[in-house]
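In order, the protein sequences belong to chains A and B. Those letters in the first sequence? Residues 1 to 231, by UniProt numbering. Those letters in the second sequence? Residues 1 to 231, by UniProt numbering. In this text, a Cβ means the ideal position worked out from N, Cα and C, and glycines have one as well. Bear in mind that the values here come from a model prediction, so they are computed numbers and not experimental data. This report concerns only the one structure given below.
Number of protein chains: 2
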Amino acid sequence: MPVALAADVVILTIRDGRFAVLLVTRGNPPYEGRHALPGGFLEPGETIDATAARELDEETGINPALARLEQIGVYSEPGRDPRGRVVSVAYAAMVPDAAQPSAGGDAAEAHWVALDEARGTALAFDHDRILEHAVEHARRQIEHTAAAAAFCNAEFTVTELRQVYETVWRTRLDPGNFHRKIMKIPGFLEATGRTAVREAGRPATLYRADPKRPLALPFPRPRAGQGAAGR
Amino acid sequence: MPVALAADVVILTIRDGRFAVLLVTRGNPPYEGRHALPGGFLEPGETIDATAARELDEETGINPALARLEQIGVYSEPGRDPRGRVVSVAYAAMVPDAAQPSAGGDAAEAHWVALDEARGTALAFDHDRILEHAVEHARRQIEHTAAAAAFCNAEFTVTELRQVYETVWRTRLDPGNFHRKIMKIPGFLEATGRTAVREAGRPATLYRADPKRPLALPFPRPRAGQGAAGR
DNA sequence: GCAAAAGTGTTGAAACTACACCCATGC
DNA sequence: GCATGGGTGTAGTTTCAACACTTTTGC
């Protein structure tokens, strides 16, 4: 049974201590004018991974090489697309806040939308569901791997990284303990030698996360019951 | 661009302390007579999850309700199937050794094959690759959730569960410490009151794992360097 | 100097490994 | 009784959360 295969992409970032998602305003029917995830159809000769990367580039201008797209699920309910039998492969990626989208392709506009706001308004197709799954995926990912660094810029401070964890886990972490714990993980953070300029206080060392091995570096969240409330 | 969508299923079990995978011998071209993963094409009106469950049932006789199938990836390289543009959604599941397959559908035969043996012989299509990914997936899954219990029968002893971890992690775990650690996890194991008959030694209490919540129950593998060598 | 943020030292509590030991059964 | 495997007690060590304290900058 032939189907049309599509890729839909959930790009998450953290702005002002909250999750934000990259959405496009659809420029064509169906759901014209509605918010949707960037995405599009498989073309001859390409893999679906390539489709996801291409559509991200075309519709939002975000460089797919920086995004580390991961498959998170396949959506195949009959009737999920009014145009016919369309099956979507969903992708998720975390990027630094600095990434600036620009619309193109099928998209009339591309912009960051706060997660809570995106949840409030119905997205096109079954994209609400895909978005929820992507957020869950990101939370799990961060707990079991060093993926949190993906939310930071190429060079970042330990404090910035800590704030990512605090946002994702909705907790406060002790700055001192976090610093030691993260520095103890071998091969994760690499000092650049440079320091970040601050409005006040001692300048922080800038680090780079090795993008080659962002895997299997557990950073367990603090146990409940004792809490990790900051000072 | 229309594609044919298929589901391929990797069913893993543990036999004699080794991984084994459920393979079928293909009864039709292409790759007739070769080992392959059970699988087949999407039919009108069904989701791809339903396809996976149906094919598992048809080709192997394994009850999909017991298997807890999970999507592990999409395989879309052009040319991966000589019949044309076929995209496969791969699924993985862990089942107890007790499950007995019986062939049907496209499959001439269905049987358990030791993982090492399956790796030695080339499987049909790109099923070698899918199999590798599924094994990795299972190892990760077991580390972060209570999925290990899926390898055990409905009722099992703590020792049987420990042997699953020992196989998956290729370690030896202290029986006493394992017992305490696993019993401390709230809501994981539920005593049935019955005991298992043994050839020798004290009979072991039989437990049931709550199949409703096999999620997010971390059982961290022992740290390296101190080791968890048995007595 | 003072304020602010980075980063280190210390301490008491909890968790874990290793291993001794007791328990319950078949023979 | 003896062998065998299930299950518990416990000491020494490690890890960790909490938080005091030192360091390095801007003003």
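Counterpart residues of residue i in DSSP-defined beta bridges
| i | result |
| --- | --- |
| glycine 40 of chain B | B/Ala7 |
| isoleucine 14 of chain A | A/Phe19 |
| tryptophan 112 of chain B | B/Leu22 |
| histidine 35 of chain A | A/Thr25 |
| glutamine 100 of chain A | DSSP output for glutamine 100 of chain A lists no bridge partner at all. |
| tyrosine 165 of chain B | Tyrosine 165 of chain B pairs with nothing; no bridge assigned. |
| glycine 73 of chain A | A/Ala90 |
| proline 2 of chain B | A/Ala4 |
| leucine 206 of chain B | None; leucine 206 of chain B has no bridge partner. |
| leucine 189 of chain B | B/Ala209 |
| threonine 195 of chain B | B/Thr205 |
| phenylalanine 125 of chain B | None, per the DSSP bridge assignment. |
| phenylalanine 156 of chain A | A/Tyr207 |
Exposed unless 16 or more other CB atoms sit within 10 angstroms - verdict on residue i
| i | result |
| --- | --- |
| leucine 5 of chain A | buried |
| glutamate 160 of chain B | buried |
| arginine 194 of chain A | exposed |
| glycine 187 of chain B | exposed |
| alanine 216 of chain A | Note that alanine 216 of chain A scores a pLDDT of 46, beneath 50, so its modelled location is shaky; the value from the coordinates is reported in the next line. The residue in question, alanine 216 of chain A, is exposed, as its Cβ has fewer than 16 Cβ neighbours within 10 Å. |
| isoleucine 142 of chain B | buried |
| arginine 18 of chain A | exposed |
| alanine 191 of chain A | exposed |
| isoleucine 185 of chain B | exposed |
| glutamate 43 of chain A | exposed |
| alanine 134 of chain B | buried |
| residue 253 of chain A | Given a span of 1 to 231 for chain A in the structure shown, any question on residue 253 of chain A remains unanswerable. |
Distance between beta carbons of residue j and residue i, contact taken as under 8 Å
| i | j | result |
| --- | --- | --- |
| proline 38 of chain B | glutamate 59 of chain B | 4 Å |
| alanine 7 of chain A | isoleucine 72 of chain A | That pair is no contact at about 11 Å. |
| glycine 90 of chain B | valine 10 of chain B | According to the sequence as given, residue 90 of chain B is alanine; it is not glycine. About 7 Å separates the two Cβ atoms, so the contact holds. |
| proline 96 of chain B | threonine 167 of chain B | The pair is not a contact, with the Cβ atoms about 13 Å apart (cut-off 8 Å). |
| phenylalanine 151 of chain A | tyrosine 207 of chain A | About 14 Å separates the two Cβ atoms, so there is no contact after all. |
CB contact flag (residue i, residue j, <8 Å)
| i | j | result |
| --- | --- | --- |
| tryptophan 112 of chain A | alanine 53 of chain A | no |
| serine 92 of chain B | histidine 137 of chain B | Residue 92 of chain B is actually alanine in this sequence, not serine. Yes, these two residues count as a Cβ contact at 8 Å. |
| alanine 204 of chain B | valine 158 of chain B | yes |
| valine 3 of chain B | arginine 85 of chain B | yes |
| alanine 36 of chain A | leucine 131 of chain A | no |
| aspartate 81 of chain B | phenylalanine 125 of chain B | yes |
| phenylalanine 178 of chain B | arginine 162 of chain B | yes |
| alanine 149 of chain B | alanine 209 of chain B | yes |
| leucine 69 of chain B | isoleucine 62 of chain B | no |
| proline 78 of chain B | glycine 45 of chain A | yes |
| residue 281 of chain A | alanine 118 of chain A | Outside the shown range of chain A, which is 1 to 231, sits residue 281 of chain A, and nothing can be said about it. |
Chain-order list of residues whose beta-carbon lies under 6 Å from that of residue i (same chain, five-residue window excluded)
| i | result |
| --- | --- |
| serine 88 of chain A | Ala6, Asp8, Tyr75 |
| glutamine 100 of chain B | none |
| histidine 127 of chain B | Ala36, Leu37 |
| arginine 15 of chain B | Asp97 |
| aspartate 116 of chain A | none |
Contacts around residue i, its chain only, beta-carbon distance under 8 Å, and the 5 residues preceding and following it disregarded
| i | result |
| --- | --- |
| alanine 147 of chain A | Met94, Ala138, Gln141, Pro214 |
| serine 102 of chain A | Thr60, Gly61, Ala110 |
| arginine 198 of chain A | Ala204 |
Residues near residue i in its chain [Cβ-Cβ closer than 7 Å; skip 5 each side]
| i | result |
| --- | --- |
| threonine 121 of chain B | His35 |
| asparagine 153 of chain B | Pro96, Ala98 |
| alanine 67 of chain B | Ile11, Leu56, Ala93, Val95 |
| glycine 33 of chain B | Thr25, Arg26 |
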